[in-house]
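Data first, discussion second: the structure below is written as structure tokens.
Structure representation (structure tokens):
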């Protein structure tokens, strides 16, 4: 069947109260919605009911409707309130996985080609580029190529996380506080060594060039007898330099004592 063993229908404009008590819901299978009980607006009062071996996409025992978007972290559904150390204009460091959940906090395991989760801008002079809209697949999405833009170093920049699987008009009637828009605060870092600031964007230095200070505005050409990659200046074998960040590269008197390369474990790895 498509719905639950019991379906509670209410009009969200006129609150209704239903009581389901002392009932047994077992071995129900639903292609969609809930296996035991499905309701569309106001949650019924559930008293002393028994559930077992119910299977459904929206919720095995009790299910309702899409209400929120949760982040999936190590298999656990968690609230996302902020993103920290976000580089402006550069793809975020790790994938973000989200699920649409019901009022019971169950992931809604449906696939609908018309249902998406998307990032939206709120503040002026901000953008979301790359992968900003993803179609739900079994109630979940993965953002793996998303780029946020705002002035580097800005804090508490507002973006909205929304889904077409959620009927926000209904939620506003039910509880406008509990089901308010999901506003995510994004805290942008400054452009770090290996990048330059170009307007509101941090750009990585191309191979063969480098930057070694925060908020640089120019990628410098790699010196001779070295190779460069973003913030890394790797010496050629047989050469040395006298101080940190020095590009005054000299031939080593004892070639065997100067192995060259790049020491990633050094406190000053560009030395």
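In the working numbering, the protein residues as written are 266 to 536.
All C-beta atoms, glycine included, are put in the ideal place defined by N, C-alpha and C.
Since we're looking at a predicted model, the values are computed, not measured.
At what residues does the beta strand (DSSP E) containing residue i begin and finish?
i: residue 362; result: 361 to 367
i: residue 405; result: 405 to 408
i: residue 394; result: 392 to 395
i: residue 447; result: 447 to 453
State the Cα-Cα distance for the pair residue i and residue j, rounded to the nearest angstrom.
i: residue 500; j: residue 527; result: 7 Å
i: residue 414; j: residue 466; result: 7 Å
i: residue 504; j: residue 471; result: 23 Å
i: residue 309; j: residue 337; result: 28 Å
i: residue 540; j: residue 325; result: It is not possible to answer for residue 540, since the shown part of the chain is limited to 266 through 536.
i: residue 292; j: residue 416; result: 55 Å
i: residue 359; j: residue 481; result: 25 Å
i: residue 525; j: residue 349; result: 36 Å
i: residue 303; j: residue 495; result: 55 Å
i: residue 519; j: residue 488; result: 21 Å
i: residue 295; j: residue 330; result: 15 Å
i: residue 332; j: residue 469; result: 39 Å
i: residue 536; j: residue 507; result: Note that residue 536 has pLDDT 37, beneath the 50 cutoff, so the model's placement of it is unreliable and no number is given.
i: residue 327; j: residue 379; result: 25 Å
i: residue 286; j: residue 368; result: 20 Å
i: residue 513; j: residue 461; result: 22 Å
i: residue 584; j: residue 290; result: Residue 584 cannot be examined here, being either before or after the span of the chain that is shown, 266 to 536.
For residue i, which residues in the same chain have their Cβ closer than 7 Å to its Cβ, ignoring the five residues on either side in sequence?
i: residue 457; result: 479
i: residue 486; result: 474
i: residue 386; result: 392, 393 and 424
i: residue 343; result: 335 and 336
i: residue 370; result: 342
Please determine, among the options, the residue with the shortest C-alpha to C-alpha distance to residue i.
i: residue 354; options: 511, 472, 455 and 495; result: 455
i: residue 450; options: 347, 295, 332 and 356; result: 347
i: residue 516; options: 410, 495 and 491; result: 491
i: residue 366; options: 350, 403, 339 and 459; result: 403
i: residue 341; options: 331, 364 and 514; result: 364
i: residue 459; options: 445, 446 and 498; result: 498
i: residue 426; options: 410, 419, 445 and 418; result: 445
i: residue 452; options: 469, 281, 357 and 396; result: 357
i: residue 283; options: 307, 301 and 320; result: 307
i: residue 389; options: 419, 286 and 483; result: 419
Given residue i, which residues of its chain have a CB within under 8 Å of its CB, disregarding the five upstream and five downstream residues?
i: residue 399; result: 381, 382, 383, 406, 407 and 408
i: residue 523; result: 500, 502, 503, 504, 505 and 517
Looking only at its chain, what residues have a beta carbon closer than 6 Å to the beta carbon of residue i, apart from the 5 residues adjacent to it on each side?
i: residue 361; result: 408
i: residue 421; result: 450
i: residue 372; result: 364, 366 and 404
Could you give the first and the last residue of the continuous alpha helix (DSSP H) run that contains residue i?
i: residue 439; result: 433 to 439
Quiz item: Three or more C-beta pairs closer than 8 Å, one from the region 438 to 445 and one from the region 410 to 430: is that the case here?
Solution: no
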